[in-house]
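A.B. asks: Below is the structure I would like to discuss, written out as structure tokens.
Next up, the structure:
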């Protein structure tokens, strides 16, 4: 009886973390709708698509994922694949071509439902999909995070503005404060690996501070870095389990994020860092 109750509890906790991811995503979507929807619609006299785009992008991800899930499993459910695709959708550029984006979501949803479990390759698929999307957008000359007003340099941001979500970022990832609140919410779940974003960010900051004082360079911290560490690097289903592996994984992410952010891509360098670090899952370090 005790074993049965324990299994029920563990099943509940595992499902509960998905609900927490959904809840935190709703917070970020609401702010994304305000910043990249309502304000942009007001300031640019945009059309209806301008207004609803921050909601449309995650809704396409949810809809496609659930349709494919229903085709395969004959049911609608909050499964891991839905979480992967939802978390990816929040970080894509606002100006992404909707048709290209929808086609991409269909392809990766089909992959997750029908192929990923058979491949037995334990890497961070969210980071992999984001890298593939970046490459596609580069080829199509559609890789740009700034919205229309930001491209015109109409805003002047203080540090406080950036913390509260006025910086250039993904469609629903611009509010650092909401990401920090989301981190605290996720930390209430046993299965959330809270040490991964904490250690990674600490290593990144330590290197950035050294770089600032030695080479007099500005410290780069944007909400995409914070979002990727809190939601993507630490996702329970695709990150290391043992304490040693988590420590090494986090340190590697921190170091590579610093290198890639300063010398390669200040917005998505962290994604490349997470993807490379996820290969630690192939090693059995105890």
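Numbering (this note's numbering), first residue to last: 8 to 293. C-beta atoms are modelled at their ideal positions from N, C-alpha and C, and glycine is treated no differently. Just so it is clear, the structure is predicted and the values come from calculations on it, not from any experiment.
1) By the DSSP assignment, the alpha helix (DSSP H) with residue 251 in it spans what residues?
2) Figure out for me which residue from 122, 81 and 93 has the closest Cα to the Cα of residue 109.
3) Once you ignore the five residues that flank residue 243 on each side, which residues in its own chain have a CB closer than 7 Å to its CB?
4) Mark residue 72 as exposed unless 16 or more other C-beta atoms lie within 10 angstroms of its C-beta, in which case mark it buried.
5) What residues in its chain sit with their C-beta under 6 Å from that of residue 34, if we drop five residues either side in the sequence?
6) Output the boundary residues of the alpha helix (DSSP H) element that contains residue 245.
7) Alpha carbon to alpha carbon, how far is residue 287 from residue 152?
8) If I measure Cβ to Cβ from residue 113 and keep anything under 6 Å in the same chain, skipping five residues before and after, which residues do I get?
9) Give the DSSP-derived three-state secondary structure of residue 50 in the structure shown.
10) Got a sec, what are the start and stop residues for the alpha helix (DSSP H) residue 173 sits in?
11) Once DSSP output is grouped into helix, strand and coil, what is the label at residue 82?
12) Once DSSP output is grouped into helix, strand and coil, what is the label at residue 102?
13) What's the call for residue 76, buried or exposed, on a 16-neighbour Cβ count within 10 Å?
14) Is it true that the region 205 to 223 meets the region 163 to 179, where meeting means three or more beta-carbon pairs spaced less than 8 Å apart?
15) From residue 101 to residue 210, what does the alpha carbon distance come to, in whole angstroms?
16) Which residue comes first and which comes last in the alpha helix (DSSP H) that contains residue 201?
17) Would you mind giving the Cβ-Cβ distance between residue 239 and residue 134, rounded to the nearest angstrom? I have them listed as a contact below 8 Å.
18) For residue 30 and residue 36, I'd like the C-alpha separation in whole angstroms.
19) Would you decide whether residue 191 is buried or exposed? Buried here means 16 or more other CB atoms lie within 10 Å of its CB.
20) How far does the alpha helix (DSSP H) with residue 155 in it extend, from its first residue to its last?
21) Verify whether the separation of the beta carbon atoms of residue 63 and residue 48 is less than 8 Å.
22) Kindly list the residues whose CB is nearer than 8 Å to the CB of residue 53, restricted to its own chain and excluding five residues on each side of it in sequence; keep chain order.
23) Nearest-angstrom Cα distance between residue 142 and residue 56?
24) Would you tell me roughly how many angstroms separate the C-alpha atoms of residue 66 and residue 32, rounded to the nearest one?
C.D. replies: Answer, in terms of the structure:
1) The residue you call residue 251 lines up with position 244 of the chain shown. Note, residue 251: alpha helix (DSSP H), 250 to 270.
2) One-based indexing of the chain shown puts residue 109 at position 102. Residue 93 is the option with its Cα nearest to residue 109.
3) Looking up residue 243 in the chain shown gives position 236. Result list for residue 243: 24, 198, 199 and 200, in chain order.
4) Sequence index remark: in the chain shown, residue 72 carries index 65 (1-based). The residue in question, residue 72, is buried, as its Cβ has 16 or more Cβ neighbours within 10 Å.
5) The sequence position of residue 34 within the chain shown is 27, counting from 1. Within its own chain, the residues whose Cβ lies closer than 6 Å to the Cβ of residue 34, once the five positions on either side in sequence are excluded, are 185, listed in chain order.
6) Counted from its first residue, the chain shown places residue 245 at position 238. From DSSP, residue 245 is part of no alpha helix (DSSP H); its letter is neither H nor E.
7) On the chain shown, residue 287 is found 280 positions in, with the first residue counted as 1. On the chain shown, residue 152 is found 145 positions in, with the first residue counted as 1. Cα to Cα, residue 287 sits roughly 30 Å from residue 152.
8) The count along the chain shown starts at 1 and reaches residue 113 at position 106. 71, listed in sequence order.
9) The count along the chain shown starts at 1 and reaches residue 50 at position 43. In this structure, residue 50 counts as helix in the three-state DSSP scheme.
10) Taking the first residue of the chain shown as 1, we reach residue 173 at position 166. Unbroken run through residue 173: none, as it is neither H nor E.
11) Position 75 of the chain shown, counted from the start, is the residue given in the question as residue 82. Three-state result, residue 82: coil.
12) Position 95 of the chain shown, counted from the first residue, corresponds to residue 102. Note: residue 102 maps to coil in three-state DSSP.
13) Walking along the chain shown from the start, residue 76 turns up at place 69. Looking at its Cβ environment, which holds 16 or more other Cβ atoms inside 10 Å, residue 76 is buried.
14) no
15) Reading the chain shown from its first residue, position 94 is the one you call residue 101. Reading the chain shown from its first residue, position 203 is the one you call residue 210. In a straight line, the C-alpha of residue 101 is about 30 Å away from that of residue 210.
16) For the purposes of this step, residue 201 is taken as the residue at position 194 of the chain shown. No alpha helix (DSSP H) holds residue 201; DSSP gives it neither H nor E.
17) Here residue 239 refers to the residue found at position 232 of the chain shown. Here residue 134 refers to the residue found at position 127 of the chain shown. At roughly 6 Å, the Cβ-Cβ gap stays under 8 Å, so residue 239 and residue 134 are in contact.
18) Against the chain shown, residue 30 aligns to sequence position 23. Against the chain shown, residue 36 aligns to sequence position 29. Cα to Cα, residue 30 sits roughly 10 Å from residue 36.
19) Your numbering for residue 191 matches position 184 in the chain shown. Residue 191 should be labelled exposed.
20) By one-based count along the chain shown, residue 155 stands at place 148. Unbroken alpha helix (DSSP H) run through residue 155: 155 to 158.
21) Start at 1 with the first residue of the chain shown, and residue 63 comes out as number 56. Start at 1 with the first residue of the chain shown, and residue 48 comes out as number 41. Contact flag unset, no.
22) Residue mapping note: residue 53 aligns to position 46 of the chain shown, counting from 1. The residues are 47 and 155.
23) On the chain shown, residue 142 is found 135 positions in, with the first residue counted as 1. On the chain shown, residue 56 is found 49 positions in, with the first residue counted as 1. So the two alpha carbons sit approximately 25 Å from each other.
24) By one-based count along the chain shown, residue 66 stands at place 59. By one-based count along the chain shown, residue 32 stands at place 25. Whole-angstrom Cα-Cα distance: 12 Å.
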